[in-house]
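A.B. asks:
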Amino acid sequence: MNNNPKQQITDPALSNTLSLNPQPNNGNKLPKVKKVEKDTAAKFMATLVAILAGLIVGLLIMIISRPYEALPSFYTLIGGWMLLPSQGLTGIGNWLGSLAPVLMTGLAVGFAFKTGLFNIGASGQFTMGMFFALLIAILLKDIPGPWLWMLACLGGILGGALWGLVPGLTKAFFNVNEVITCIMMNYIGMYTVNELIRRIPGLYDGSRNLTARIGENAFNPTIGLRYIFRNSSIDIAFVIAILLAIFIYFVLNKTILGYELKACGLNREAARYGGISEKRAITISFLIAGGLAGLGGAFMILASGADLTYVGPNAGYGFGSGTHYSIAEVILNEGFDGIAIALLGQSNPIGIIFSTLFVTFIKRGGNTIQIYGFKPEIIDIIVAVIVYFSAFALLIGGIITRVKKKRNDKLAFQENVVPPTPSDPSIVDVDKIIIKTGGD
Amino acid sequence: MPFFEAILKVLNGSLIFAVPLLIVALGGMFAEKSGVVNIALEGIMVFGSFFGVIFIRVMQESTNINPQILIVLALLVSALFGMLFSSLLALSAINLKADQTIGGTALNMFAPAFTIYIARAISGTLDPTAPDSKNIPFSPEFQIRKIPVLGDIPIIGDIIFKDVFITTYIGIILIVVAWFIIRKTRFGLRLSACGEHPQAADSLGVNVYRYRWSGVLISGALAGIGGLVFVVTSSVSFTGTVTGYGFLAIAVLIFGQWKPTRILMAALFFGLMKSFAFKYTLFPFLETVNIGWFFKMLPFIATILVLIFTSKKSRSPKSSGVPYDMGKR
């Protein structure tokens, strides 16, 4: 797409480094293409290793705690739950219905990872988004139908972005470690939201220590999905979240903005040298990440839940009684699940869709194995072990890439060709950036 | 004079809140001085305190042991399990050179899940009336009403020697020892060298991996101790959380700029904020304004502000968070 012939330089030695073409024409394409394929394979293998490790640890703990029920419940956990009579299409609908909030936090963490930032503050951004959506849904409750819902979602994005802005700005302008600011913002957000919910009239249901019920006009529309997945909690958020993941994939891979953000993530100094404003990139990255997490919070609080009480001809197709946020001094788990999901998906938005499907799938299984006397915390254990192994999984991938690189370099040397563009992706990107500014 | 008494109560409370923060922040200091960011302090606190509470519970039911001796023994149990748990972080961060923040986050996720899983599984045998509870209660018999003689000293006696826990004095001993180790011993100076410039330390024959392992294990032991101190002094049961105290301790560490004496000051300041958040109603003129929540989050806001103002000349160990690769000397 950037193949502008005017900017191609004729000197073949220079064209390696100075071409705008994403795949430089250096007569030695073959190893490069191979390398990309194997990188993906290596990453995928690393992910599988992490998942396997998590499941094995989970199984071991289950065997130790209840040896006789361990195997059947493990089978239920990893997929057997779908065949249970109580589940079926309803169970699948509930599984897909639980996807949207964590997919959004997963994207929020993964997007920031791409810019080299660790957004451990997705929980705070999620909570803020939840609060803003709740505020709009209750204070403006007279606005009709989907408009109120849209406004509440926009409010969620705004609230999350606002909370993401703090670590973004402090990182960009004062070089403050974003991990620490994010953790602090999680707690500041939790205390602020809890207090505001208690103080603003109409938001708080004191008798149950929960947020008040939201009107039907603010619920996530079900767009007919519940005619397929009857009695389930699936709604439009599922569709939007997946479309957004695909959209983020395009932003990261096909736009100048995504390119600049990734360049900053790969090598900040080099990106700055290439004329990218790292301050701008860091701020924007956190703003978008915060907005994504905030929308996840909005999806969570605006979810109507399954309609199980209404009996009649149209039973199972409508809204349930809504979801609530309970006022407790606890940081919401969705943000931490987002970290696991982003790591498992290797920060690739499409990968994140699949890792969210996996994590929510076993969470669903974790809820069903309570019939065997197991506690659902087993899933949190499995997810934590997966995160632990993902930390080296990136490393395993790195080792494989390094070995490949050495072999490729050797190959190039043997063929007496000028070594191709350095296979370290950061260097390739930087070279492209230099030209981009030169061409302006 | 109720106003004066209220001030004494708040100061007394701030000491109780400050001690676990102090101990855990010292733990964080040892890890960071050696070059490993220990973001898992929260998880290690939960993990350590869980086994400490189990130990207390078992001993309280089976023996008639003196509570002060019991708590010291339980602290050792917590330290041991904290150390065990932190070895997972050391393994991933030092030997496998994994991302330290991700490894720490995994530990933070694992500890509450694992301990609550066990707590819920065994709660039926502990207390048949609450079969599915994630709480492990113990009988709170550790508070000392008044230290003889010393408790009679005006003001100071009211703050430090009345309604205290033995853990307060353990915390004071620990900070002195920590200061001495970091500043005055060969071990401490070499540990700091590994966090500042591991390549230089290695070139002088210091085994960087071994020192980093020591740093992380010491931090695990201290975090385990701090976790149990927090649970015993602020609650009557283990509940699967230490309510963000591990992260607050990281804030104390930054606030204290990685120096033991300043860490003490920072912990006292944070303790004061916490104490005020819970006890401001003792002041008659504040009874009606609900400001506890603000003082609860003030330490977090203050930390961000301090980070903004000190980021240009931060005293954090230079190589903290960077895995040491011997091949890259």
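Residue numbers (the numbering used here), protein chains in the order written: chain A, 254 to 693; chain B, 35 to 363. Positions of the beta carbon are idealized from the N, C-alpha and C atoms, including for glycine. Keep in mind it's a predicted model, so treat the numbers as computed, not measured.
1) Buried or exposed, going by whether 16 or more other CB atoms sit within 10 Å of the CB of Glu582 (chain A)?
2) Using only the alpha-carbon positions, how far apart do Leu388 (chain A) and Leu597 (chain A) sit?
3) Could you work out which residues of chain A lie near Thr337 (chain B), taking near to mean beta carbons separated by less than 8 Å?
4) For the candidate residues B:Leu110, B:Ala155, B:Val53, B:Gly249, whose alpha-carbon lies nearest to that of Ser68 (chain B)?
5) For chain B, check one thing: does any of its Cβ atoms lie closer than 7 Å to the Cβ of Asp662 (chain A)?
6) Taking the C-alpha atoms as reference points, what is the distance between Val683 (chain A) and Ile529 (chain A)?
7) Within the same chain, show all residues whose beta-carbon is closer than 8 Å to that of Phe329 (chain B), passing over the 5 residues directly before and after it, in chain order.
8) Looking at chain B, which residues of the stretch 421-432 of chain A have a Cβ within less than 9 Å of any of its Cβ atoms?
9) How about Ile605 (chain A) and Gly363 (chain A): do their beta carbons lie closer than 7 Å?
10) Please classify Trp289 (chain B) as buried or exposed, where buried requires at least 16 neighbouring CB atoms within 10 angstroms.
11) Quick check: what's the CA-CA separation for Leu308 (chain A) versus Ile314 (chain A)?
12) What separation, rounded to the nearest whole angstrom, lies between the Cα atoms of Phe303 (chain B) and Ala283 (chain B)?
13) If I follow the unbroken beta strand (DSSP E) through Val198 (chain B), where does it start and stop?
14) List the residues of chain B that Phe371 (chain A) touches, going by C-beta distances under 9 Å, in chain order.
15) Note the first and the last residue of the continuous alpha helix (DSSP H) segment covering Ile178 (chain B).
16) Around the Cβ of Lys352 (chain B), are there at least 16 other Cβ atoms within 10 angstroms (buried) or fewer (exposed)?
17) Starting from Ile88 (chain B), trace the alpha helix (DSSP H) both ways and give me its first and last residue.
18) For a test of the three-state rule: what should DSSP assign to Asp236 (chain B), helix, strand or coil?
19) Inspect the beta-carbon positions of Phe84 (chain B) and Val111 (chain B) and report whether they are closer than 7 Å.
20) Closer than 7 Å, CB to CB, is Ala300 (chain B) near chain A or not?
21) Counting Cβ pairs closer than 8 Å, one from the stretch 408-425 of chain A and one from the stretch 544-556 of chain A, do we hit at least three?
22) With DSSP as the reference, identify every bridge partner of Thr464 (chain A), one or two as the case may be.
23) Out of curiosity, what's the CA-to-CA distance linking Ile50 (chain B) and Thr343 (chain A)?
24) Residues in the same chain with beta-carbon distance under 6 Å from Gly137 (chain B), minus the five sequence neighbours each way, listed in chain order, please.
25) Tell me, which residues are paired with Pro171 (chain B) by DSSP?
26) Within the same chain, show all residues whose beta-carbon is closer than 6 Å to that of Thr434 (chain A), passing over the 5 residues directly before and after it, in chain order.
27) When we look at the beta-carbon of Phe115 (chain B) and count the other beta-carbons within 10 Å, is it buried (16 or more) or exposed?
28) Run down chain B in chain order and give the residues with a C-beta less than 7 Å from the C-beta of Lys628 (chain A).
29) For a contact meaning CB atoms closer than 8 Å, what does Phe589 (chain A) contact in chain B?
30) Compare the C-alpha of Val53 (chain B) against each of B:Gly260, B:Trp213, B:Ala285 and name the closest.
31) Going along chain A in order, which residues have a C-beta closer than 7 Å to the C-beta of Ala147 (chain B)?
C.D. replies: Once the coordinates are examined:
1) On the first sequence, position 329 is the one that residue 582 (chain A) refers to. When all chains shown are included, Glu582 (chain A) counts as exposed.
2) Here residue 388 (chain A) refers to the residue found at position 135 when the first sequence is read from its first residue. Here residue 597 (chain A) refers to the residue found at position 344 when the first sequence is read from its first residue. Approximately 34 Å, taken between the alpha carbons.
3) Reading the second sequence from its first residue, position 303 is the one you call residue 337 (chain B). Neighbourhood of Thr337 (chain B) in chain A, by CB distance below 8 Å: Ile433, Met437, in chain order.
4) Translated into positions along the second sequence, residue 68 (chain B) becomes position 34. Of B:Leu110, B:Ala155, B:Val53, B:Gly249, the residue nearest in Cα terms is B:Gly249.
5) In the first sequence, the residue the question calls residue 662 (chain A) occupies position 409. For Asp662 (chain A), the answer is no, since every Cβ of chain B falls outside 7 Å of its Cβ.
6) As a position in the first sequence, residue 683 (chain A) is number 430, starting the count at 1. As a position in the first sequence, residue 529 (chain A) is number 276, starting the count at 1. Per-residue confidence for Val683 (chain A) stands at a pLDDT of 41, beneath the threshold of 50, marking its modelled position as unreliable; the derived number appears in the next sentence. Roughly 10 Å between the two C-alpha positions.
7) The residue labelled residue 329 (chain B) in the question sits at position 295 within the second sequence. Once the five neighbours on either side are set aside, the close Cβ partners of Phe329 (chain B) are Met307, Lys308, Phe310, Ala311, Tyr314.
8) Residues are counted here when their Cβ sits less than 9 Å from a Cβ of chain B; for the stretch 421-432 of chain A these are Thr423, Phe426, Phe427, Asn428, Val429, Asn430, Val432, given in chain order.
9) The sequence position of residue 605 (chain A) within the first sequence is 352, counting from 1. The sequence position of residue 363 (chain A) within the first sequence is 110, counting from 1. Taking 7 Å as the Cβ cut-off, Ile605 (chain A) and Gly363 (chain A) qualify as a contacting pair.
10) Along the second sequence, read from residue 1 onward, the residue named residue 289 (chain B) stands at position 255. One point to set straight first is that residue 289 (chain B) is Phe, not Trp, in the sequence displayed. Classification of Phe289 (chain B): buried, given that the 10 Å Cβ count is 16 or more.
11) Position 55 of the first sequence holds residue 308 (chain A). Position 61 of the first sequence holds residue 314 (chain A). Going by the C-alpha atoms only, they are around 10 Å apart.
12) Here residue 303 (chain B) is taken as the residue at index 269 of the second sequence, counted from 1. Here residue 283 (chain B) is taken as the residue at index 249 of the second sequence, counted from 1. If I take the Cα positions, the gap works out to 12 Å.
13) Translated into positions along the second sequence, residue 198 (chain B) becomes position 164. 196-198 is the span of the beta strand (DSSP E), which, as asked, contains Val198 (chain B).
14) Numbered from 1 along the first sequence, position 118 holds the residue referred to as residue 371 (chain A). Within chain B, the residues near Phe371 (chain A) are Asp133, Thr135, Ile136, Thr139.
15) Along the second sequence, one-based indexing puts residue 178 (chain B) at 144. For Ile178 (chain B), there is no enclosing alpha helix (DSSP H); the residue is part of the beta strand (DSSP E) that begins and ends at 178-180.
16) Within the second sequence, the letter at position 318 stands for residue 352 (chain B). Around the beta carbon of Lys352 (chain B), fewer than 16 other beta carbons lie within 10 angstroms, which makes this residue exposed.
17) Translated into the one-based positions of the second sequence, residue 88 (chain B) becomes position 54. Looking at the DSSP string, the run of the alpha helix (DSSP H) that includes Ile88 (chain B) is 75-96.
18) For the purposes of this step, residue 236 (chain B) is taken as the residue at position 202 of the second sequence. Residue state, collapsed to three classes: helix.
19) As a working note, residue 84 (chain B) is residue 50 in the second sequence. As a working note, residue 111 (chain B) is residue 77 in the second sequence. Taking 7 Å as the Cβ cut-off, Phe84 (chain B) and Val111 (chain B) do not qualify as a contacting pair.
20) On the second sequence, residue 300 (chain B) is found 266 positions in, with the first residue counted as 1. No, Ala300 (chain B) lies away from the interface with chain A (no Cβ there is under 7 Å from its Cβ).
21) Yes, the stretch 408-425 of chain A touches the stretch 544-556 of chain A.
22) Counting from one through the first sequence, the residue named residue 464 (chain A) turns up at place 211. Answer by DSSP bridge pairing, in chain order: A:Tyr457.
23) Counted from its first residue, the second sequence places residue 50 (chain B) at position 16. Counted from its first residue, the first sequence places residue 343 (chain A) at position 90. Going by the C-alpha atoms only, they are around 51 Å apart.
24) As a first step, residue 137 (chain B) is located in the second sequence; it is residue number 103 there, counting from the start. Leu123, Ser126, Ala127.
25) The residue given as residue 171 (chain B) occupies position 137 in the second sequence. In DSSP, Pro171 (chain B) forms a bridge with B:Ser271.
26) Here residue 434 (chain A) is taken as the residue at index 181 of the first sequence, counted from 1. Cβ neighbours of Thr434 (chain A) beyond the five flanking positions: Pro420, Thr423.
27) In the second sequence, residue 115 (chain B) corresponds to position 81, counting from 1. Classification for Phe115 (chain B): buried.
28) Translated into positions along the first sequence, residue 628 (chain A) becomes position 375. Near Lys628 (chain A) (Cβ distances below 7 Å), the residues of chain B are Tyr151, Arg154, Ala155.
29) The residue labelled residue 589 (chain A) in the question sits at position 336 within the first sequence. Here the neighbours are Thr139, Asn142, Met143.
30) Start at 1 with the first residue of the second sequence, and residue 53 (chain B) comes out as number 19. If we check each option's Cα against that of Val53 (chain B), B:Gly260 comes out closest.
31) Along the second sequence, read from residue 1 onward, the residue named residue 147 (chain B) stands at position 113. In chain order: Glu630, Asp633, Ile634, Ala637.
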